[in-house]
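2 protein chains.
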Amino acid sequence: MSDLLERLRRRGWRMTAQRRVIAQILDGDHVHLTADEVHTRAARLLPEISRATVYNTLGELVVLGEVAEVTVDGRAKRYDPNTRRPHHHLVCTRCGTIRDVHPTGDPLTRLPADRRLGFTVATADIVYRGLCPDCGVGSTA
Amino acid sequence: MSDLLERLRRRGWRMTAQRRVIAQILDGDHVHLTADEVHTRAARLLPEISRATVYNTLGELVVLGEVAEVTVDGRAKRYDPNTRRPHHHLVCTRCGTIRDVHPTGDPLTRLPADRRLGFTVATADIVYRGLCPDCGVGSTA
DNA sequence: TCTTGACTTGGACTGTGTCCATCGTAGGAT
DNA sequence: ATCCTACGATGGACACAGTCCAAGTCAAGA
């Protein structure tokens, strides 16, 4: 993800200050931000940036495949810049922390053709839920 | 799910007309309804039923484990009365149809302890995405 | 039948996201 | 270096999903 700006420029993106800021934020290791969190961080660097621009830009990045939308609950969508290698998500049911995980094997092999109900299946997203180390057994926090 | 009313009564639920109607709707084979769809159907039988009651009742049914919340996109949560046997979901990326599927094996075994990042993992939800038979290759619908 | 606390109601409110008319500007053309 | 213009940004209204609350209603036990 580290040459995101360069890749976007090659795709013909007009390089505005707003897009640069948003790309920088996603390029950091701040993963799984909501659109609102991206907006808050962006506004620290560019105070007048609008929510609409953040939504537009995130939407475009998703279409380009540069970031992935993650929906782990009914709340705000989260934006995951780690599209380099496939992964799934581990969510703490207590504090909401989200981490990337890499299960063994390919989940699609677990769904043979005769169980696909005639669908042409393209992807599988897995959300594992449980307690993170901080919230686990014995925690009173 | 067919003795839902009976099970609820045994759990000490006060049996109101509203709760009866909602339980009946979920008891049918109308799976994966949104809260709003439940409200619409309920209002056909009980015109004055309020949205708040539908939300309250669905929430209670989720806590009791009688229905499961399913979030496949960022839109409205869906309520799945099939909690009898574990299953996952297959979503058509074109028309939005949702079907229950039963992959082979247990997805938790694909995440060995050394990949759990210290989490105590309890559940795994898989969302498979693709095209349903009606929307598949060759379809112009 | 009476009583009471659990349940329901409707409306206000919040959070998340979209839309749109208008304004501004990046970047190619000159 | 300057001009043009189409693409992008803005902000405010709007839509949708869900929550909250004070007041009224009623199921079910006494």
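One line per chain: the protein sequences are A and B, in this order.
In terms of the working numbering, the first sequence opens at residue 3 and continues consecutively.
In terms of the working numbering, the second sequence opens at residue 3 and continues consecutively.
Ideal Cβ placement from N, Cα and C applies to all residues, glycine included.
Keep in mind the model is a prediction, meaning the values are calculated, not measured.
For GLU71/A, the enclosing beta strand (DSSP E) stretches over residues 70-72.
Cα atoms of LEU35/A and LEU48/B: separation of roughly 42 Å, rounded to the nearest angstrom. In this structure, DSSP gives HIS34/A a state outside helix and strand, which the three-state scheme calls coil. In this structure, the straight-line span from the alpha carbon of GLU8/B to that of THR73/A is close to 35 Å.
Secondary structure note for VAL93/B: its beta strand (DSSP E) is the uninterrupted segment 90-94. At least one CB atom of chain A sits nearer than 8 Å to the CB of TYR130/B. THR85/A is not a Cβ neighbour of GLY61/A, given a cutoff of 8 Å. Just so you know, the alpha carbons of VAL64/B and ARG13/A end up roughly 46 Å apart.
Under the 10 Å beta carbon count, ARG46/A is surrounded by fewer than 16 other beta carbons and is classified as exposed. One Cα belongs to VAL33/A, the other to ALA115/B, and the distance between them is close to 23 Å.
Bridge partners of ASP5/B according to DSSP: none are assigned.
With respect to ALA25/A, GLY132/B sits apart: the two C-beta atoms are not nearer than 8 Å. Under a 10 Å Cβ-count criterion, PRO135/B is classified as exposed, with fewer than 16 other Cβ atoms of the shown protein chains found around its own Cβ. In the three-state reduction of the DSSP assignment, ILE128/A falls in the strand class. Secondary structure note for ILE100/A: its beta strand (DSSP E) is the uninterrupted segment 100-103. Secondary structure of ASP116/A (DSSP, three-state): helix. A direct Cα-Cα distance of roughly 20 Å separates GLU39/A from ARG96/A. The beta carbon of LEU110/B sits closer than 6 Å to the beta carbons of ALA126 from its chain, once the five residues preceding and following it are set aside; these are given in chain order. For ARG80/A, the uninterrupted beta strand (DSSP E) run begins and ends at 80-82, by DSSP. DSSP links THR122/B through a beta bridge to LEU133/A.
When C-alpha distances from THR106/A are compared across VAL23/A, HIS90/A, GLU50/A and VAL56/A, the shortest belongs to HIS90/A. For the set ARG21/B, GLY76/B, ASP29/B and MET17/B, the Cα lying nearest the Cα of ARG80/A is the one of GLY76/B. Annotation: ALA37/A to THR99/B spans about 27 Å, alpha carbon to alpha carbon. When CB distances to chain A are screened at a threshold of 8 Å, the residues of the segment 90-122 of chain B falling below it are LEU92, CYS94, THR95, ARG101, VAL103, HIS104, PRO105, THR106, GLY107, PRO109, LEU110, ARG112, LEU113, PRO114, ARG117, ARG118, LEU119, GLY120, PHE121 and THR122, in chain order.
Secondary structure at LEU48/B: coil, using DSSP grouped into helix, strand and coil.
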